[in-house]
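Working notes for the structure below.
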Amino acid sequence: MKSIIKSMMLSAAVVAAPLMASADGHGDDLNYVLVSHAPDSDSWWNTIKNGIALAGDQLGVNVEYRNPPTGDLADMARIIEQAAASQPDGIITTLADFEVLSGPVRAAVDQGIDVIIMNSGTPEQVAEVGALMFVGQPEYDAGFAAGMRAKRDGVGSFVCVNHVISNTVVAERCRGFADGLGIELGDSMIDAGQDPAEIKNRVTAYLTANPETDAILTLGPTSADPTILAVKEMGIAGDIYFGTFDLGTEIVNGIKDGTINWGIDQQPFLQAYLPVVVLANYDRYGVLPGNNINSGPGFVTKDALGKVEEFAGEYR
Amino acid sequence: MTDTTSDERVKEMSSLRRALIRPELGGMVGTVAVFTFFLLFAFDSGMFNAQGVLNWTTVSAQFMIIAVGACLLMIAGEFDLSVGSMIGFAGMMVAIFGVVIGWPMWMAIIITFVICVAFGALNGYIVIKTGLPSFIVTLATLFILRGFTIFIPQTVESKTIIGGIREAAEGDWLAPLFGAKIGGPIFQWLGDAGMIATFTRGNREGQPVVDGIPMLIVWAIFLIIVGHLLLTRTRFGNWIFAAGGDAQAARYTGVPVDRVKILMFMGTAFCATVFAVCQVMEFGSAGADRGLLKEFEAIIAVVIGGALLTGGYGSVIGAALGALIFGMVQQGLFFANVESSLFRVFLGVILLLAVILNTYIRRLITGER
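Below, the structure is given as structure tokens:
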């Protein structure tokens with residue numbers, strides 16, 4: 001039995017060795033952890049990973065990416081506590097749910113760890129947890145701006161395809177959009193789920209049942225890509241007003257061929273890249289920008305697609 | 001015949017052999033192995049300071065709470081896949097009754113327990129009455145409960161996260177049983193003595209970073225002790241083994257198999273509700289996505305802990321050790337600085353090794369094929 005234990009220990013060590021080596025490659029003394037609320041299945045966060053990897057390389061610091069595999073925010077709170085226990089130089093995290101996350105974040109700040117909030121949260125919440133700054137796109141404002149734009153373009157009704165119904169922050173985009181249009185949100189927001197086929201069929205069903213709908217708003221590539229297929233199959237591509245949040249290859253193609261009127265880029269690359277730059281320079285030279293940084297909203301239309309197309313899903 | 005040793009029903013067994021065929025043996029070996037591993041690879045990473053220990057202990061305690069219920073149910077020969085959904089559902093019920101409707105928190109908690117345990121009983125009743133596999137029945141409950149958990153708050157509040165639970169629970173007599181921390185003065189003393197880390201800035205400066213043991217951990221220990229005593233020291237415990245081993249044979253000998261199974265389904269529901277109430281009290285809000293995939297984590301902990309998927313064999317202590325291993329590996333790999341995308345691979349490998357080792361040892365010792 002001894003040999004069984006020994007061989008198990010040995011095989012565990014063999015499996016672990018290359019992983020440890022790869023994580024220790026940089027050899028710098030600054031360690032940062034980025035904690036997101038995204039489940040493993042959310043591809044949008046790939047840009048975030050690319051952003052911190054590039055920033056880590058350029059600045060010579062270690063940056064780790066952590067997320068709750070199922071997107072469970074209570075699990076995310078544990079990950080923040082865990083990150084704080086490992087005493088990094090800084091933590092970059094989202095505030096996807098203030099009640100759940102503010103305790104652990106506040107505790108990390110009070111231990112002397114610098115925290116930057118990225119992606120989700122409001123300036124008030126960021127100040128309340130004692131974070132250095134917020135880097136991201138104020139969601140309601142972005143939705144509101146989009147609603148105003150759609151109103152100018154003559155939109156009177158819409159459907160909001162929400163693929164992350166459990167995330168209240170993302171739903172703020174729909175709420176802002178409705179307010180920007182000056183109409184009630186009502187039943188306009190549909191819970192689309194995460195599966196592409198389900199999303200496509202639900203959009204088709206909604207548009208069939210509500211043929212008078214003027215516009216579609218999708219909240220990211222997960223809901224936009226199947227929705228593009230849906231409107232193409234229904235033969236209304238280009239007819240129906242179509243706006244979306246975030247960018248991706250399919251969305252860029254949609255903008256190019258006229259299916260999508262505009263995409264709102266909150267520039268995830270900057271949300272990942274800038275906090276690392278800010279933290280590293282703060283730790284090394286004590287310099288700090290004096291305010292929050294808005295990474296979005298930036299409207300991407302047919303006119304400005306060059307670089308966007310080249311780096312969509314990678315750095316854009 | 002007065003000589004009992006010649007009784008064919010009684011088999012002589014050495015005490016060493018008896019120790020080796022205990023179902024928790026694999027869990028013990030695994031715990032030692034995992035502990036050694038992290039002591040070697042992550043000792044100075046913060047994993048073994050007070051804050052780090054509390055972190056993986058809390059996560060392990062979460063697994064333990066649902067593993068105790070799942071373990072007893074599995075020994076009784078059934079599965080419950082609705083555990084994860086039940087966690088989300090129970091938390092949401094507390095929020096709906098306590099915050100939206102505005103009932104006193106103790107009432108909200110008790111009503112939630114009643115509703116959830118009733119759902120557990122319904123699971124058991126349907127399994128018994130229809131004779132369908134519990135896998136299918138509870139898979140249905142998984143979707144039903146998750147659906148309600150999203151539908152109800154959306155209908156009443158048009159959002160899927162309901163907060164304000166901490167405020168609503170203030171001054172309540174029952175809420176601290178789930179949300180409080182114990183041992184505060186001891187940790188304050190340890191902090192003052194410089195033995196554990198303290199906050200260096202903010203309005204909690206000077207207070208220890210670890211300011212108490214959460215009730216979650218107390219619940220885990222309590223449930224393990226109750227579960228263990230129930231299983232090994234009572235007649236009812238024998239009924240659980242019998243119901244899972246061979247239900248028909250058990251019925252012939254007078255074991256009320258149906259009642260045992262329904263009670264065990266109620267037990268898993270109870271454990272899931274304990275988990276959920278502790279969680280909403282700690283974090284102050286209930287979300288529609290809480291508890292996703294927790295049912296598998298419970299089953300994984302139980303299986304690492306040496307219980308058989310076919311029922312009739314297992315132990316609560318083993319399941320608790322399984323939960324400890326699972327929690328430690330999941331949290332510990334971060335401290336060991338393993339690349340995040342590969343960490344799940346490693347987690348899978350460790351789980352697989354633990355289960356294989358477990359099964360191998362048991363076969364080696366008991367001689368079963």
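Protein sequence lines correspond, in order, to chains H and A.
So in my numbering, spot 48 of the first sequence is number 48, and the numbers just go up one at a time.
So in my numbering, spot 202 of the second sequence is number 202, and the numbers just go up one at a time.
Glycine included, C-beta positions come from ideal geometry on N, C-alpha and C.
None of these values were measured; they are calculated from a predicted model.
Judged by DSSP in its simplified three-state form, residue 79/A adopts coil rather than helix or strand. Per DSSP, residue 36/A is one residue of the alpha helix (DSSP H) stretching across 25 to 41. If you draw a straight line from the Cα of residue 252/H to the Cα of residue 155/H, it comes to about 22 angstroms. When secondary structure is reduced to three states using DSSP, residue 206/A falls in the coil class, being assigned neither helix nor strand. Judged by DSSP in its simplified three-state form, residue 56/A adopts helix. The contact set of residue 248/A on chain H, defined by CB atoms closer than 7 angstroms, is empty, because the minimum CB distance reaches about 37 angstroms. For residue 150/H and residue 175/H, the gap between their C-alpha atoms comes out near 14 angstroms. Runs of alpha helix (DSSP H) with 4 or more residues, each lying fully within the segment 168 to 221 of chain A, are found at 176 to 179, 184 to 192, listed in chain order.
In the three-state DSSP reduction, residue 61/H falls in the coil class, being neither helix nor strand. Between residue 275/H and residue 148/H, the C-beta spacing is not below 8 angstroms. Under the three-state reduction of DSSP, residue 31/H is assigned to strand. By the Cβ criterion, the segment 305 to 321 of chain A is not in contact with the segment 108 to 128 of chain A, since fewer than three pairs of Cβ atoms, one from each stretch, lie closer than 8 angstroms.
Closest option to residue 79/A, judged by alpha-carbon separation, among 93/A, 142/A, 99/A, 104/A: 142/A.
Nearest in C-alpha terms to residue 344/A, of all of 40/H, 36/H, 45/H, 33/H, is 40/H. For the set 33/A, 109/A, 54/A, 38/A, the Cα lying nearest the Cα of residue 214/A is the one of 54/A.
Segment contact: the segment 129 to 144 of chain H against the segment 97 to 111 of chain H, three or more CB-CB distances shorter than 8 angstroms; contact assigned. Contiguous alpha helix (DSSP H) elements confined to the segment 237 to 295 of chain H occur at 249 to 256, 268 to 285, taking only those with 4 or more residues. Two segments are said to touch when three or more pairs of C-beta atoms, one from each, lie closer than 8 angstroms; by this definition the segment 211 to 219 of chain H touches the segment 155 to 165 of chain H. Taken atom to atom, the span from the alpha-carbon of residue 70/A to that of residue 236/A is near 17 angstroms. Linking residue 218/A to residue 67/A through their CA atoms gives a straight-line distance of about 15 angstroms. As DSSP reads the structure, residue 42/H sits in no beta bridge. Under the DSSP assignment, residue 158/H falls in the beta strand (DSSP E) whose first and last residues are 158 to 162.
Contacts with chain H (Cβ-Cβ distance below 8 angstroms) from the segment 117 to 148 of chain A involve no residue at all. By the criterion of at least three beta-carbon pairs nearer than 8 angstroms, the segment 51 to 61 of chain H is in contact with the segment 276 to 283 of chain H.
Residue 90/H has its alpha-carbon roughly 15 angstroms from the corresponding atom of residue 285/H. With a cut-off of 8 angstroms on Cβ pairs, the segment 60 to 70 of chain H is not in contact with the segment 248 to 255 of chain A, counting fewer than three such pairs. The C-beta distance from residue 216/A to residue 62/A rounds to 7 angstroms, short enough to fall under 8 angstroms. In the three-state DSSP reduction, residue 189/H falls in the strand class (E or B). Taking 8 angstroms as the upper bound on Cβ-Cβ separation, chain A lies near residues 107, 109, 110, 111, 112 of the segment 107 to 129 of chain H. Cα atoms of residue 132/A and residue 248/A: separation of roughly 16 angstroms, rounded to the nearest angstrom.
Among the residues facing chain H, residue 188/A is not included, as its CB has no counterpart in that chain under 8 angstroms away.
Between residue 315/H and residue 269/H, the CB-CB gap stays under 8 angstroms. Relative to the Cα of residue 209/A, the nearest Cα in the group 227/A, 189/A, 221/A belongs to 189/A.
Check the Cα spacing between residue 191/H and each of 262/H, 306/H, 168/H: the tightest is with 168/H. In the pairwise beta carbon analysis, the segment 178 to 185 of chain A is classified as not touching the segment 141 to 159 of chain A: fewer than three pairs are separated by under 8 angstroms.
Exclusion of the five residues before and after residue 142/H leaves 173, 176, 245, 264, 266, 296, 297 as the residues of its chain whose Cβ lies within less than 8 angstroms of its Cβ.
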